[in-house]
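Peer 1:
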Amino acid sequence: MAKKVLVAYGTTNGSTAEIAEAVAGVLREEGLTVEARAAGSVASAASYDAVVVGGGLYAGRWHRDARRFVRRHGKELAGRPLWLFSSGPLDASATERDIPPVPWVRKAVVRLDARDHVTFGGCLRQGAKGWVARMILRDGKGGDFRDFGRIEAWAAGIGRELKSG
Numbered sequence: 004m005a006k007k008v009l010v011a012y013g014t015t016n017g018s019t020a021e022i023a024e025a026v027a028g029v030l031r032e033e034g035l036t037v038e039a040r041a042a043g044s045v046a047s048a049a050s051y052d053a054v055v056v057g058g059g060l061y062a063g064r065w066h067r068d069a070r071r072f073v074r075r076h077g078k079e080l081a082g083r084p085l086w087l088f089s090s091g092p093l094d095a096s097a098t099e100r101d102i103p104p105v106p107w108v109r110k111a112v113v114r115l116d117a118r119d120h121v122t123f124g125g126c127l128r129q130g131a132k133g134w135v136a137r138m139i140l141r142d143g144k145g146g147d148f149r150d151f152g153r154i155e156a157w158a159a160g161i162g163r164e165l166k167s168g
């Protein structure tokens with residue numbers, strides 16, 4: 004029986020959703036049944052065999068919807084394989100070195116015994132919502148710093164781990 008995996012995400016401008024969809028696509032290629040959903044739209048994680056949760060980073064904090072999802076479904080998450088990811092640095096730092104999780108996420112990794120956490124580069128495009136985003140773009144510091152090769156390799160590792168038991 005194929006394992007059912009949830010990839011839940013918190014995003015403001017869609018960049019983290021695109022990472023979540025890439026993760027879900029790789030997991031599907033690995034033969035898993037996968038749903039990628041906005042974290043706020045998930046009523047329960049109980050029907051999933053494994054969960055991946057991603058959140059965009061904003062001013063050093065994980066996206067509110069991702070935090071709420073982890074708090075709301077903590078008991079369900081603690082009982083199954085769990086991976087977390089963050090997206091956010093608007094520079095090449097996430098591809099140059101391992102960036103540790105922000106404090107709230109670090110505590111969630113420990114509390115829920117998550118199998119892994121990784122930080123991917125972020126993306127901020129013209130037209131982004133929010134005053135801070137507009138200021139960053141005005142200062143010329145936007146752009147797309149996501150490394151989809153790295154994202155897909157990470158997801159493939161999750162797929163292999165789930166398939167091996």
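Just so we're aligned, residue 4 is where the sequence shown starts under the numbering used here, counting upward by one. From the three backbone atoms N, C-alpha and C, an ideal C-beta is built for every residue, glycine too.
Mind checking whether L93 and I154 have CB atoms under 8 Å apart?
Peer 2: Between L93 and I154, the gap from beta carbon to beta carbon reaches 8 Å or more.
Peer 1: Quick one: Cα of W65 to Cα of S167, how far?
Peer 2: 31 Å
Peer 1: Just list the residues that DSSP pairs Y12 with in beta bridges.
Peer 2: A41, G57
Peer 1: Would you kindly report the start and end of the unbroken beta strand (DSSP E) that includes L85?
Peer 2: 85-90
Peer 1: Which of helix, strand or coil does DSSP assign to K166?
Peer 2: helix
Peer 1: For a test of the three-state rule: what should DSSP assign to D94, helix, strand or coil?
Peer 2: D94: coil per DSSP, three-state reduction.
Peer 1: On the premise that R67 lies in contact with G13, defined as a C-beta separation below 8 Å, what is that separation, rounded to the nearest angstrom?
Peer 2: 7 Å
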